[in-house]
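Residue numbers (the UniProt record's numbering): 1 to 80.
Where is the CB? At the ideal position from N, CA and C, for every residue including glycine.
Please read the structure below before turning to the comments.
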């Protein structure tokens, strides 16, 4: 009736059809994992070494908020 190769092909097709709905979700999570891994590797590379006690100062991008731009009673939060 069916040989081993035909059964294997049918099994692959069935798995592909059933997994097609989950494929975008799997690729999305794999991409997120790759980005996290890359960011962690970059952070590990940028850490100061134990032999360098001062290290390099880190610059953190931020937003300056002027005092007159804030709502009364809420220090540091812009009007919105």
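- DSSP, read as helix, strand or coil, puts residue 42 in helix.
- Here DSSP, grouped into helix, strand and coil, assigns residue 3 to coil.
- In the three-state reduction of the DSSP assignment, residue 12 falls in the helix class.
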